[in-house]
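All residue numbers for the sequence shown refer to this note's numbering, where the first residue is 4 and numbers rise by one. Input: a single structure, listed below in structure tokens.
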Amino acid sequence: MSIEIKGLTKQYGETTALDNVTLKFENNKIYGLLGRNGAGKSTLLNIITNRIFTTSGEVLVDGENVRENDRAISKIYLMSEKTLYPGDMRINNVFKWSKKFYPDFDEKRAFELAELFELNTNKKVKQLSTGFTSIFKLIVALCVNTPYIFLDEPVLGLDANNRELFYKLLIEKYSEEPFTVVISTHLIEEISTLIEQAIIIESGKILVNTSREELLQSGYSVSGKAVYVDNYISGKEIIGEDTLGGLKTAYVMGKPQADMPESLEVTALDLQKLFVKLTNAKEGK
4 MSIEIKGLTK QYGETTALDN VTLKFENNKI YGLLGRNGAG KSTLLNIITN
54 RIFTTSGEVL VDGENVREND RAISKIYLMS EKTLYPGDMR INNVFKWSKK
104 FYPDFDEKRA FELAELFELN TNKKVKQLST GFTSIFKLIV ALCVNTPYIF
154 LDEPVLGLDA NNRELFYKLL IEKYSEEPFT VVISTHLIEE ISTLIEQAII
204 IESGKILVNT SREELLQSGY SVSGKAVYVD NYISGKEIIG EDTLGGLKTA
254 YVMGKPQADM PESLEVTALD LQKLFVKLTN AKEGK
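Right, dumping it as structure tokens:
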């Protein structure tokens with residue numbers, strides 16, 4: 004079981020939002036889909052869920068083309084920034100109607116989570132704040148019980164306590180009964196410990212697709228006096244540099260030398276720092 008994306012291209016006039024993207028989302032795995040604004044993340048998710056059509060290429064869900072295929076689409080749930088529920092619908096009715104469209108939707112659990120998040124289920128969708136709008140959509144995503152869940156900026160407007168609660172509930176659900184979840188977010192450091200596979204998309208192309216562990220081990224930073232750093236990094240693959248006075252930090256791909264000079268300090272890169280440096284290097288910044 005998997006979702007296969009083959010040669011996906013999406014053009015809007017002269018703008019190429021996705022450029023020959025090929026990916027595979029495997030069964031029972033947590034992915035981080037990372038990219039800057041306009042990189043193509045939301046376009047990719049909307050094509051996978053058949054909300055917009057591709058210019059070329061195809062998406063296969065368990066071997067079936069997703070395009071206008073209700074059986075394939077029923078295996079996927081996308082929580083997006085857009086609220087597709089009627090504004091006058093009350094949250095308790097959202098839960099009831101979700102059960103109609105997704106037979107495995109756990110309505111009892113949805114009301115339990117609403118209580119945990121202190122969400123008033125008698126309120127109408129249009130009456131909710133940005134944070135509570137995200138909360139009700141997250142509850143639906145956590146209870147819909149489809150094999151593939153896509154979360155596009157899932158914690159928009161949530162405070163730190165509710166973000167932490169969501170991450171805890173997601174891991175608990177995944178631990179009890181694994182499924183495939185793809186999290187697309189700008190809060191990279193917050194999901195760093197959650198994800199197993201990191202996919203970085205830049206300008207409509209896949210820049211990185213590897214395990215979180217391999218990505219974090221793919222580079223390091225070296226700091227010290229600028230003259231010593233420059234001497235050390237000569238001939239190495241550099242993805243970024245920071246200079247302050249006579250001190251310098253360089254971000255280097257690969258592994259550090261076994262015989263590192265004592266004048267230099269080597270540290271590991273966190274996921275967010277590595278993301279920033281990789282995407283800046285791609286843009287030539």
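By construction, the Cβ of each residue, glycine as well, lies at the ideal position given by its N, Cα and C atoms. Since the model is a prediction, treat every value here as computed from it, not as a measurement.
The beta carbon of Leu281 sits closer than 7 Å to the beta carbons of Ile203, Leu210, Val211 and Ile242 from its chain, once the five residues preceding and following it are set aside; these are given in chain order.
For Leu272, the CB contacts under 8 Å within the same chain, skipping 5 residues up- and downstream, are Leu219, Gly222, Tyr223, Ser224, Tyr254 and Lys280 in chain order. Here Phe104 is exposed. Its C-beta has fewer than 16 other C-beta atoms within 10 Å.
The continuous beta strand (DSSP E) containing Thr12 extends over residues Ser5 to Tyr15. In summary, Lys44 is buried, with 16 or more beta-carbon neighbours lying within 10 Å of its beta-carbon over all protein chains present.
In the DSSP assignment, Thr46 falls within the unbroken alpha helix (DSSP H) covering Lys44 to Ile51. Here Leu161 carries a coil assignment [DSSP, helix/strand/coil]. Going by DSSP, Gly134 is part of the alpha helix (DSSP H) stretching over Thr133 to Cys146.
Burial is judged here by how many other beta carbons sit within 10 angstroms of a residue's own beta carbon; Met82 has at least 16 and is buried. Here Leu141 is near Phe169, since their CB atoms are less than 9 Å apart. Annotated as distal: Gly35 and Leu277, with beta-carbon spacing of 9 Å or more.
Counted as a single uninterrupted DSSP element, the stretch harbouring Val128 is not any beta strand (DSSP E), since DSSP gives it neither H nor E.
Non-local beta-carbon contacts of Glu7 in its own chain, meaning distances under 6 Å to residues more than five positions away in sequence, involve Lys27 and Leu63 in chain order.
Following the DSSP letters along the chain, one finds Glu217 inside the alpha helix (DSSP H) bounded by residues Arg215 to Leu219.
Residue nearest to Lys129 within the set Phe139, Glu121 and Phe120 is Phe139 (criterion: CA-CA distance). With contacts defined as CB atoms closer than 9 Å, Ala201 and Ser214 qualify as a contacting pair.
In the DSSP assignment, Ser101 falls within the alpha helix (DSSP H) that extends over Ile94 to Phe104. Only residues of its own chain outside the window of five on either side were considered, and among them Gly10 and Thr12 have a CB closer than 7 Å to the CB of Ser59, listed in chain order. Distance between Ile33 and Gly249, taken at the CA atoms: about 42 Å.
Within the DSSP secondary-structure output, Gln200 pairs in a beta bridge with Tyr34 and Ser214. By the CB criterion at 9 Å, Leu190 and Ser226 fall outside the cutoff.
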